[in-house]
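Engineer:
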Amino acid sequence: MTSPAARAAQAPLDALTITGIEQIPLVVPLGREYKGSYYSMTHRVTVLTRIHTSEGLIGTAYAADEENTVFDIMKVVEHEIAPRLIGQNALAIERCWELAYPVTFDQLRDRRIGLVALAGVDTAIWDLFGQVVGRPLYEVWGGYRNRLPVNIIGGYYGPVDEIRGEVEEWLEMGFRGCKFKIGSKPVDEDAARVRMCRETVGDDFVITIDANQGYTLPSALALCDRVRELDIRWFEEPCRWANDARDMREVRARGGIPVCAGQSEYSPEGCRDLMDAGAIDVCNFDSSWAGGPTNWRRNAAVAHVYSVELAHHEEPHVAAHLLASQPKGTYLEVFHPDRDPIWWQLVLNRPEVTDGEMELPSAPGLGWEYDTDFIEKYRADR
17 MTSPAARAAQ
27 APLDALTITG
37 IEQIPLVVPL
47 GREYKGSYYS
57 MTHRVTVLTR
67 IHTSEGLIGT
77 AYAADEENTV
87 FDIMKVVEHE
97 IAPRLIGQNA
107 LAIERCWELA
117 YPVTFDQLRD
127 RRIGLVALAG
137 VDTAIWDLFG
147 QVVGRPLYEV
157 WGGYRNRLPV
167 NIIGGYYGPV
177 DEIRGEVEEW
187 LEMGFRGCKF
197 KIGSKPVDED
207 AARVRMCRET
217 VGDDFVITID
227 ANQGYTLPSA
237 LALCDRVREL
247 DIRWFEEPCR
257 WANDARDMRE
267 VRARGGIPVC
277 AGQSEYSPEG
287 CRDLMDAGAI
297 DVCNFDSSWA
307 GGPTNWRRNA
317 AVAHVYSVEL
327 AHHEEPHVAA
337 HLLASQPKGT
347 YLEVFHPDRD
357 PIWWQLVLNR
367 PEVTDGEMEL
377 PSAPGLGWEY
387 DTDFIEKYRA
397 DR
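Numbering of the sequence shown is given in my numbering, commencing with residue 17 and proceeding in unit increments.
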């Protein structure tokens, strides 16, 4: 029997016709509640998307992170995106993206739903493209490096002694950097938590802090005054959403700590406005929330022009390839295994973190292998 990779090598580049789009919702309960500034998480959810083609190749990816929208996202793919893309050439990536993009136009529906639906499909199509050319996507997209420093996301609200134990565990796991959650407690309390983190990890450890838009401008500046000496790599989403571009510009100018944002934007145009306003040093636009790698790469080009560094909000399975492809790419983000069982259990060939870094897979496309038993255990469409 001819393998899919061999069939891809034999197939002419105009023969990869999309024949179907399969979706599997995954809902995984977490062992505890994870509290950030003004939100909490009790489940890790996603939609696994498979693009089937006439040549037998299958592109696979996952996107989505909110339990209350997962089935709405699937409906958009089934009823709006699939009819537009079935019969199209999967290698005409820009055409497929433009054909699907109108699902984001309905102003009476949460725009993020259409963008996440598009993201899952776009990422799976790119996985197909990598399989056809026989190269991992980080090489297809630029190939700047094949290793990335990795920051673990943590510091969720809870007893200080428990958080200290969590931070100590990060060191044991091989991490050399973190993103630490703040934003809803009084400034002095949050600053004390960040100081505890620095004292626990020592000087040779990257710390970014993330308020998830939790502070007013005065509070964000006050926090900067209290943690500036702790060598904070960046302050992520420091200010509340309504006036965030102007407020972040002030934090950047007066706070003495670089500012990161972009994950809450819907488009490269929105990120461009942040850059044009002088509001950010680092842009963490999220491909899985905002239309997929096609859109993220457009934003990367804009960031290069503005000399803004690049990050990616979560989702390491695609973020690793995107960040490694770019000269301005910074740190890959991962959650603790208890917070993200999808990355740590669904992905069978997930690379180990060694001395704070991860080497990307060399297999074509995204290059990930998925655990079918995990899929069957947590699929939510039965």
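Ideal placement from N, C-alpha and C gives every residue a C-beta, glycine not left out.
With distance defined between alpha-carbon atoms, name the residue in W186, A79, A258, G103 nearest to R214.
Structural biologist: Of the candidates W186, A79, A258, G103, the one whose C-alpha sits nearest the C-alpha of R214 is W186.
Engineer: Cα separation between A379 and D220?
Structural biologist: Going from the Cα of A379 to the Cα of D220 covers about 33 Å.
Engineer: Please classify I391 as buried or exposed, where buried requires at least 16 other C-beta atoms within 10 Å of its C-beta.
Structural biologist: By the neighbour-count rule (16 or more Cβ atoms within 10 Å), I391 is not buried but exposed.
Engineer: What are the boundary residues of the beta strand (DSSP E) that R48 is part of?
Structural biologist: Its beta strand (DSSP E) spans residues 34-51.
Engineer: Report the rounded CA-to-CA distance for N426 versus S283, giving the unit in angstroms.
Structural biologist: Only positions 17 to 398 of the chain appear in this structure, which leaves residue 426 out of reach.
Engineer: Let me know the alpha helix (DSSP H) ranges lying completely inside the region 327-376, each 4 residues or longer, listed in chain order.
Structural biologist: Complete alpha helix (DSSP H) runs here, min 4: 332-340.
Engineer: Could you spell out the range, first to last residue, of the beta strand (DSSP E) harbouring W399?
Structural biologist: No answer is possible for residue 399: it lies beyond the span of the chain, which begins at 17 and ends at 398.
Engineer: Quick one: Cα of L237 to Cα of G271, how far?
Structural biologist: Between L237 and G271, the C-alpha separation is close to 6 Å.
Engineer: For I169, which of helix, strand or coil comes out of DSSP?
Structural biologist: DSSP places I169 in strand when its eight states are reduced to three.
Engineer: Does the Cβ-Cβ distance between V86 and V61 come in under 8 Å?
Structural biologist: Contact flag set, yes.
Engineer: Specify the secondary structure class of N259 as computed by DSSP and reduced to three states.
Structural biologist: The answer is helix: DSSP assigns N259 an H, G or I state.
Engineer: Across which residues does DSSP place V63 in a beta bridge pair?
Structural biologist: In DSSP, V63 forms a bridge with P41, A79.
Engineer: Figure out for me which residue from L233, T370, F301, N365 has the closest Cα to the Cα of A258.
Structural biologist: The shortest Cα separation from A258 among L233, T370, F301, N365 belongs to L233.
Engineer: State the Cα-Cα distance for the pair K393 and V363, rounded to the nearest angstrom.
Structural biologist: So the two alpha carbons sit approximately 14 Å from each other.
Engineer: DSSP puts E325 in a beta bridge; with which residues?
Structural biologist: Per DSSP, V298.
Engineer: Mapping DSSP to helix, strand and coil, what is R163?
Structural biologist: In the structure shown, R163 sits in a strand (DSSP, three-state: E or B).
Engineer: Taking only the alpha-carbon atoms, compute the straight-line gap between S323 and S70 and give it to the nearest angstrom.
Structural biologist: Spanning the two alpha carbons is a distance of roughly 42 Å.
Engineer: I129 lies in the alpha helix (DSSP H); which residues open and close that run?
Structural biologist: Looking at the DSSP string, the run of the alpha helix (DSSP H) that includes I129 is 127-149.
Engineer: Helix, strand or coil for P20, going by three-state DSSP, please let me know.
Structural biologist: Unreliable placement is indicated for P20, whose pLDDT of 49 sits below 50; the coordinate value is still reported in the next sentence. P20 falls in the helix class under three-state DSSP.
Engineer: R125: which of D88, L115, W113, H95 sits nearest, CA to CA?
Structural biologist: Of the listed residues, the one whose Cα sits closest to R125 is D88.
Engineer: With P353 and W360 assumed to form a contact (beta carbons below 8 Å), what rounded beta-carbon distance in angstroms separates them?
Structural biologist: At roughly 4 Å, the Cβ-Cβ gap stays under 8 Å, so P353 and W360 are in contact.
Engineer: L246 and R211 look like a contact to me (Cβ under 8 Å); what is the Cβ gap, rounded to whole Å?
Structural biologist: Contact flag correct, Cβ pair sits at about 6 Å.
Engineer: Identify which residue in A133, P343, D371, G75 has its Cα closest to the Cα of H95.
Structural biologist: Cα-wise, what sits closest to H95 is A133.
Engineer: Can you name, in chain order, every residue of its own chain whose Cβ lies under 6 Å from the Cβ of P274, other than the five neighbours on each side?
Structural biologist: Cβ neighbours of P274 beyond the five flanking positions: W250, D297.
Engineer: Secondary structure at S56, three-state DSSP: helix, strand or coil?
Structural biologist: Reduced to three states, the DSSP call for S56 is strand.
Engineer: With 16 other CB atoms within 10 Å as the buried threshold, where does K91 fall?
Structural biologist: So K91 ends up on the exposed side.
Engineer: According to the neighbour-count rule (16 or more other Cβ atoms, all chains shown, within 10 Å of its Cβ), is A317 buried or exposed?
Structural biologist: Looking at its Cβ environment, which holds fewer than 16 other Cβ atoms inside 10 Å, A317 is exposed.
Engineer: What did DSSP end up calling I109 once you bin it into helix, strand or coil?
Structural biologist: DSSP places I109 in helix when its eight states are reduced to three.
Engineer: With respect to the beta strand (DSSP E) encompassing K201, which residues constitute its N-terminal and C-terminal limits?
Structural biologist: First-last for K201: undefined, no H or E at that position.
Engineer: If you follow the alpha helix (DSSP H) that I179 is part of, which residue opens it and which one closes it?
Structural biologist: Start and end: 176-188.
Engineer: Express the C-alpha separation of I37 and S53 in angstroms, rounding to a whole number.
Structural biologist: Their Cα atoms are separated by approximately 37 Å.
Engineer: DSSP on D122, reduced to helix/strand/coil?
Structural biologist: D122: coil per DSSP, three-state reduction.
Engineer: My understanding is that Q279 touches W305, with C-beta atoms under 8 Å, so please give their C-beta distance in whole angstroms.
Structural biologist: Q279 to W305, Cβ: 7 Å. Contact.
Engineer: Just verifying my parser: in three-state terms, what is the DSSP assignment at P152?
Structural biologist: P152 falls in the strand class under three-state DSSP.
Engineer: When DSSP builds the beta bridges, which residues end up paired with K195?
Structural biologist: I169, T224, per the DSSP bridge assignment.
Engineer: Report the partner residues of Y231 according to the DSSP bridge assignment.
Structural biologist: Note: Y231 sits in a beta bridge opposite C255.
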